[in-house]
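The numbering used here numbers the first residue of the sequence shown as 218 and each following residue consecutively. From the three backbone atoms N, C-alpha and C, an ideal C-beta is built for every residue, glycine too.
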Amino acid sequence: PTQPSGQHSFLSGVVNNPRPSWLEYFGLPDDLSEWTLDDLRGSVASLVSAGGVAAEQAPPRSTDGATAGGEITLADFNTYLSRVGEPYLFLVANRPAAPVKAEANGGGAHGAPAIDADVDAQFAAIPEVLFREDFDLTHPDTFHTFCPSEQSHSAMLMVEKLGNHLDQVELKLLGEVSERADGFFEALVSYDALAKEVAGGVATIAAMRQRLRLLERNLVEKSAVLPRLARRRANGEALLEKLRLVHAVWRTQPTIQQLLTAGDFPNALELIASSQNLMATDLAGVSALRDVHRSLAETKVLIEQTMHANLLKVALGYDPRGPRPPSPPEVLASELDFRLAPLAAGLLRLRALHEPLLTLQEALKKDVRSVAK
């Protein structure tokens, strides 16, 4: 028979080899899980027939325990038992102790605490390194910690220990879940109730929003249309009035030129003053009338200079800017008043009548001196 050390090495090699399975190790077919009862009967019949043929062809056994005639005895299984028995005894010797079971009915009132205490004790026996987040059995140092290379049977023992630890952890988790099962169910019931309440609240809020939109559309928006239209009408009327004033100021330009051509300086000054007053008050800030304002100011200065020169010319009877005539023309007093009155009124309106009067006084003084000489 094979030595124990050789059996351990062979068993370790079989466990660590990913290709052969336990069915192949024990000489069983790979599709054993798919066999039916007829397949099993056929296999047994073939084995029995093969054994009978081999027994007929084999020489008779000696009297040291073997029987003749093809009968199967325990001695025929000695080779198989010697090959399988040693690993089985090793696994049985290294199998961890099973947890203490409670009574058949669940341990009564004290069964659960006893099981919990036993599970806690076994749970504490699990190495702490297995609970770390960075635990990785594929790491060489971690693997050699649980499976030293100098022990040939350590692979099978490591599998058994890790499986035992996993069973203890699962048992602990099942205990915790069973203890908190009522809390879980209550939480689920509360969650369902809260979900229904939230859904009802959402539906109520949606209905309220819809009603608010209808109220806003029917009451607020329709009521706000009238003030909006009234304000728009007022703005339109104000704009129309502004446009009328701008048009009136714009149309005064050719009228002023016609009055200047006709010599009606007072009316021309009246139009200029009214236009400037409108642009300073009602049309203030209208940038389109900037050129008109400048043109009116220039026209006003030109009218003042023209009336100044015409007043001196009418009063003296000649143009003071030209040569003095030997004898001034004779003019009737009524004609003189007719020609001087508009000029004086225009200069008085401009508050510039004193300048031509002073100039007229100086010119008359010169004329008197010249006559005295």
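Practice problem: Look at the alpha carbon of residue 414 and the alpha carbon of residue 377, and state the distance between them as a whole number of angstroms. | Solution: 52 angstroms
Quiz prompt | residue 273 to residue 297 span [Cα, whole Å] | solution = Any reading at residue 273 is ruled out, since the residue's pLDDT is 48, under 50, leaving its predicted position unreliable.
Quiz item: Quick one, which of 357, 404, 385, 500 has its alpha-carbon nearest residue 338's?
Solution: 385
Quiz item: Expressed to the nearest angstrom, what Euclidean distance is found between the alpha-carbon atoms of residue 344 and residue 352?
Solution: 11 angstroms
Exercise. Count the other CB atoms, across all protein chains shown, that sit within 10 Å of the CB of residue 485; report buried if there are 16 or more and exposed otherwise.
Key: buried
Practice problem: Using the Cα positions of residue 396 and residue 390, report the straight-line distance between them to the nearest angstrom. | Solution: 10 angstroms
Exercise. With DSSP as the reference, label residue 292 as helix, strand or coil.
Key: helix
Exercise. Just the C-alpha distance for residue 480 and residue 501, rounded to the nearest angstrom, thanks.
Key: 31 angstroms
Self-check item: 8 angstroms Cβ cutoff met for residue 492 and residue 466
Solution: yes
Quiz item: the ligand MN heavy atoms versus the CB of residue 513: any closer than 7 angstroms?
Solution: Because no ligand of any kind appears in the structure shown, any question about the ligand MN cannot be addressed here.
Quiz item: Does the separation of the CB atoms of residue 566 and residue 483 fall below 8 angstroms?
Solution: yes
Exercise. Classify residue 386 as helix, strand or coil using the three-state DSSP reduction.
Key: helix
Quiz prompt | DSSP state of residue 344 mapped onto helix, strand, coil | solution = coil
Quiz item: Would you call the CB atoms of residue 472 and residue 488 closer than 8 angstroms?
Solution: yes
Quiz item: Do residue 508 and residue 462 have their C-beta atoms closer together than 8 angstroms?
Solution: no
Self-check item: Coil, strand or helix - residue 501 by DSSP
Solution: coil
Quiz item: For residue 356, which of helix, strand or coil comes out of DSSP?
Solution: coil
Quiz item: Do the CB positions of residue 529 and residue 573 come within less than 8 angstroms of each other?
Solution: yes
Practice problem: Decide if residue 425 is buried, meaning its Cβ has at least 16 other Cβ atoms within 10 Å, or exposed. | Solution: exposed
Exercise. Determine the extent of the alpha helix (DSSP H) in which residue 477 is found, giving its start and end residues.
Key: 438 to 479
Quiz item: Which same chain residues, not among the five before or five after residue 527, have their C-beta less than 7 angstroms away from its C-beta?
Solution: 560
Quiz item: What did DSSP end up calling residue 350 once you bin it into helix, strand or coil?
Solution: coil
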